[in-house]
Each structure stands twice: as C-alpha cells, then as structure tokens.
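Numbering (UniProt numbering), first residue to last: 1 to 547.
A virtual CB, placed ideally from N, CA and C, is assigned to each residue, including glycine.
See below for the structure under consideration.
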Amino acid sequence: MDQAIEAFKSQGIPVLEPGQSAYDHAIATSNLLYRFSRPECVVQPESAEHVQTIVKEAKSRKLKITIKCNGHSYAGHSTAFKGISLDLRRMRKVELDMKSATKTVTFDAGCQWGHVYGTLINGGHDGFIINGGRCPTVGVSGFTLGGGLGPFTRSFGMGSDTLMEADIVTADGNLVTVKETDDPTSDKGKLFWALRGAGGGNFGVVVKLKSKVQQLQNRYGMVVAGRYQWFPKGGFTDDVIATMNDFYTTDWPNKITIDTTWICDLRQSGSLGGVRFTVAFDGSKYEYDRVIDEHFKREELKVQLKRRVLPEKSTRFFYETLVNQWLEETERAYPANKTYELYSSFMFTKDNKDTIQKVTAIIRDLMASFRADFAGEQVNFLVTWIHSGGKATERKPTDSAFFWRAAVFHTYVTVEWVDKWMERDMRRFLAKVKKALRPLSLNGEAAFINFPDRDFPVRAHERAYFGDNREELRRVKQIWDEDNFFQWVQGIRLPGGMENEEGGEWGENEEDGEDGDKTDQLASEQWEYYKTGDIVKDRDGLVDLGF
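Below you can see the structure in the form of structure tokens.
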C-alpha cells in the first residue's frame, strides 16, 4: 500500500491518509452502522487518466478498490472498510449541449444530480429535464448504472434508458467508450447493455456518462409539484387502507408521478402514523386538478392534493422543490444525521389487486406491532412506494440489464434508530418484514439494486436484482473482468461462481432469526480491523468487510 500511495502521489493524484482532517471528512457516513470504516487511503482522481493509474497500481499490487461516487448506498457498498477508497467526487465536469438536434448532457461520474440540473437552471432551459434522481445530492453514476428511478420515470423510462454512452476504465486499466450504437452482439455492445442496470462496480470504473435531454409535454415549460402529509385521526383504519388500495391499483396517466411513504415514527408523540404523498406532474394545474378529481374517490385527499401543490417552471422545480420535498434524504447525505439504518426493497405491479391488498394489510399489521413493541423508543419505520411503470414498462426485460420492467411500485422499507443497543430488535423486526413481503414481490424475489439490502442470503442477490439476466451478466463479467478484480459482496460473479454452495436461499435469515444474530457484527469487524488491520471472515468463509 505504501508503494501504491507513493505511485499515486508521483502522478499528481490527490491522496488522503488517516490522521488528516480531509481524510476524516472524506470517509464520513451518515449511517452509523458503518461508523468504523477506515480504509488505508482515499484517492480522489481528477481525470480518467488518474483512474487508469489507480486501477493499474491496485491490480498489480492486489489491493482492494471500493468505488465511491457520493456514498449514498443504503447497504454501504460505496463505503470502504479496508484498502483504497476510490472517491470520484473531484470529477464533476458537466457539459450541456442544447444546440444540436439531439440535445445531450455529458457529465463526469463524480457529479451529484444537483450539479447536472444546475446546467438547465443556469441556462434557463424551461421545459427540458434530465432523467435523473429525486435527491440533488445523489451521485449520478450509481443512480444511472443501477437503473435509476426519477420524478419523470413514468414519462421517459428508467434513468439508464436515456443513457447514450459511457466511458469506463476496465480491469486492465484501459479506457473504453461504449455506446447505444454499438453492435449489441459485440463485446462493447454487451458491456453497454450491462451498464444499464448492473454497472455499479461490476465491470470497471465508469468515469463519464452521456444522456439524452428530454422535453416535457407542457408547452410553457411548467410542472406541478408538491407534497402532502396525511395523518388520519384513527391511523390506518379500514377506510384508509381501502383508499391506498385504490391508489396503488389505479391506472394513472404517464404524466403524473405520486410517490407515497407510510410513516410510523415513534419519535413523534401522539401520532398514529400517516402517509406522505409527493407529486410531480408534467402539465398545467388545470390538467393536474382534473386528473386528481378523476382518480381519487376520497374528497379530503382531493382537496389537499390540489391545495398542496404549485405550478412552477421546470427549472424552479429542479432548483427548489426537489430539495424541499426530499429534505430528509438530503440530510441523510451528510454526517450530521446520526442514526443507524437498515433497508430492504420489493417490487409490485398495480395489476394484481389481490397482492396489493395483502401487502397493505401486512404493512398495517407490522406498523401496529412496531408501535406496540417499541413504544417510547427513538425508532422509525418507513415504507416508501416509488411510483414507476409508464414508459419504464414498455421495454422488454432483456433490452437492458434492468430486468424488472413489470414493476409499477419500487417499495423500500427503512428501519431507523438512535441508540446502538436497539440494533438486535431492529434487525429482527426487519427480518419479520422481509419474511412477510418477499413472497409477494415480483417472482417472489425481486429487489432493486439502487435500494440494496446488505443482508440478502449469499446465493440470492443476483436473482433478486437481475432476475433472468444474471447469467448473461456473468458472461459479460468474464469478457471484461475475467480475474474478478472488481469483486464485492453483492457483485456479479463469474460463470459458475458459488453454484455449488450450500444454503443461502430465500427465507433462511427470516425464518431462523439470523438477521438478528448479525447485531453489532459489522461494527465489531470494522473495529477489529481498525485496531489491528486483520481481515475478519464471516460465517460463510467469505471476506465481508464491504467488498
């Protein structure tokens, strides 16, 4: 490592090491589960050439690299626990081309969406959007390479669907450009296919992306956006559940996106829980009101959802409304948020009403159990339904690596707590949630790679994230990373990898309480490595310190 660091410095690559204040800032994480992460160094390349040098040095010296865009991974996959943290955040150049027939935006992989949206804002380009994330602090590359769900996914498809090309530093240190125009049967064409939904950390280090700029339908460049938090007096009563069932099974126009979050925050005294509605609509306020009147039956929701929105220029929407709507997500991006968090995700379609009714009934019962079991504790249980479908469902599952095209709601569960001794209870509760909801997710297994669950069974994550595309992804892996240099705990494996391993199927963790038994395991392993530098093995004999 010392020799690698000297090589980096000799090439003018910024390197941060333990003991430097900038190092502490670079490794800071808002999720206290990963509070003891201490990689040997943080390298912050400023160019693709820097990234090439880093990859070549690390591979030749058999040093582990963990790629970080902005550290938003729910499962800590961008957090380095040893080796080299490859922090791309100095690479944030953005070029917007609105003069050519095909309007495009090209951005470095270290950008956050706020940097990219700023080009539309500064240029006054009302009526145009970049198909990116809801939260301005999310890293662009992790979002896009995982598929990407944005406020206008229903209008334009997944974020990865509007990707045109990408520059990637491969495992041999070469800089390769892949494009949507590449022959899909060629090695480059296969890599471009894989990057649209399974590109994060599996085949190389993406350093630049180019995407289409999309035009909104409203001729005045307006969108309607807002948020309403509905806290019914009786909590999740039968009529409230019936209202939500209607909402999740309605055939909504593609122009509207309404995300919902079920809230069971025990830090709010006196509350029996409620639902947050977050709206983005490509059209006028008159059109929006008409859609709400047509599709909502409950009068009080009609009134509030029409009252708690504003028509605004699309540039103002990107500058102001996204930040305010998703303030809690923005705050989580900074170390000032000191909580412990666990996540898991599921996918549902509106067409199976019986499944939706089962899911909402289960969530209501789980929230009642959570409230009864943890009364007085500083804990929070959230179920967020990200509204997808629309244009995202029009492509075939095999058109890109993102497989779960049938999903209309990408639903992720969050459990959050303040006191570290609550971890065992929170893990066991989340295990109960997963046991109840996983069989109802698409194909009994579907999950979204951008909402990852670190505690998936060993053999299950490829099926959960990539469905029937997993074998082709393994073949692409063999073409571009045959030595498996870019290896991490939930990465794409080489063909035949772990096929003969025993155990690790769905239901095992949930049934035997094993998730609860992981209490403090990760922090303890990090702490031991922090003190001694020893590599700790997990129960499967795999090195599992974040890679």
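| Check | Outcome |
| --- | --- |
| So Q52 and L175 are supposed to be a Cβ contact under 8 Å. How far apart are they, rounded? | 6 Å |
| Could you check if K190 is buried or exposed, using at least 16 other CB atoms within 10 Å of its CB as the buried criterion? | buried |
| For R276, write down the residues that DSSP places opposite it in a beta bridge. | Q229, T261 |
| Looking at C-alpha atoms only, which residue of L163, V207, A171, Q214 is the closest neighbour of G197? | L163 |
| DSSP has P311 in a bridge; who is on the other side? | V224 |
| Excluding the 5 residues flanking W417 on each side, which residues of the same chain have their C-beta closer than 6 Å to its C-beta? | Y340, V379, M426 |
| Beta-carbon separation of K350 and T249 under 8 Å? | yes |
| What whole-angstrom Cβ distance do I130 and T315 have, given they're in contact under 8 Å? | With a Cβ gap of about 11 Å, I130 and T315 do not count as contacting. |
| Pop quiz: H77 and P452 are said to be a contact at Cβ under 8 Å. What is the actual Cβ separation, rounded to whole angstroms? | 6 Å |
| Between which two residues does the beta strand (DSSP E) carrying A166 extend? | 163-170 |
| What residue range is occupied by the uninterrupted beta strand (DSSP E) comprising N380? | 379-387 |
| DSSP state of H410, grouped into three classes? | strand |
| DSSP on K396, reduced to helix/strand/coil? | coil |
| Throw me the rounded Cβ distance for the G226 and K255 pair, which I believe falls under 8 Å. | That pair is no contact at about 15 Å. |
| Taking R219 as the reference, which of P253, R38, E287, T177 has the closest Cα? | E287 |
| Could you compute how far the alpha carbon of R134 sits from the alpha carbon of T278? | 11 Å |
| Please classify Q44 as buried or exposed, where buried requires at least 16 neighbouring CB atoms within 10 angstroms. | buried |
| Taking Cβ positions, are S388 and S160 nearer each other than 8 Å? | no |
| S141: which of W113, F156, E312 sits nearest, CA to CA? | W113 |
| Starting from the N-terminal side, write out each stretch of the beta strand (DSSP E) that is 3 residues or longer and does not extend beyond the segment 52-84. | 65-68 |
| Helix, strand or coil for D108? Go by DSSP, reduced to three states. | strand |
| Relative to the C-alpha of W421, which residue among E445, F374, G235, F247 is closest? | F374 |
| Using three-state DSSP, classify G118 as helix, strand or coil. | helix |
| Whose C-beta lies closer than 7 Å to the C-beta of G496 among residues of the same chain, with five residues either side of it excluded? | none |
| Can you tell me where the beta strand (DSSP E) holding V489 begins and where it ends? | Note, V489: premise wrong, no beta strand (DSSP E); not H, not E. |
| Nearest to K64 by CA position, among K82, A22, Y74, is which residue? | K82 |
| On the DSSP bridge assignment, give the partners of G139 in chain order. | Q112 |
| Within a Cβ cutoff of 6 Å, which residues of the same chain sit near T469, ignoring the five residues on either side of it in sequence? | Correcting the residue identity first, residue 469 is Asn in this sequence and not Thr. So the qualifying residues of the chain are A401, F403. |
| Given this structure, state the Cα-to-Cα distance separating M91 from F281, to the nearest angstrom. | 32 Å |
| Tell me which same chain residues have a C-beta within less than 6 Å of the C-beta of S267, skipping the five on either side of it? | Checking the sequence, you will find Arg at residue 267 rather than Ser. Within the same chain, R267 has close Cβ partners Q378. |
| Under 8 Å, with one C-beta from each stretch per pair, do the segment 477-490 and the segment 207-215 reach the 3-pair mark? | no |
| Near R61, which residues of its chain fall below 6 Å by C-beta distance, leaving aside the five closest residues on each side in sequence? | A4 |
| Does DSSP classify S10 as helix, strand or coil? | helix |
| Do you know whose CA, among V415, L494, D2, K435, lies nearest A75's CA? | V415 |
| Look at the alpha carbon of N70 and the alpha carbon of G110, and state the distance between them as a whole number of angstroms. | 7 Å |
| The beta strand (DSSP E) with E341 in it runs from where to where? | 340-348 |
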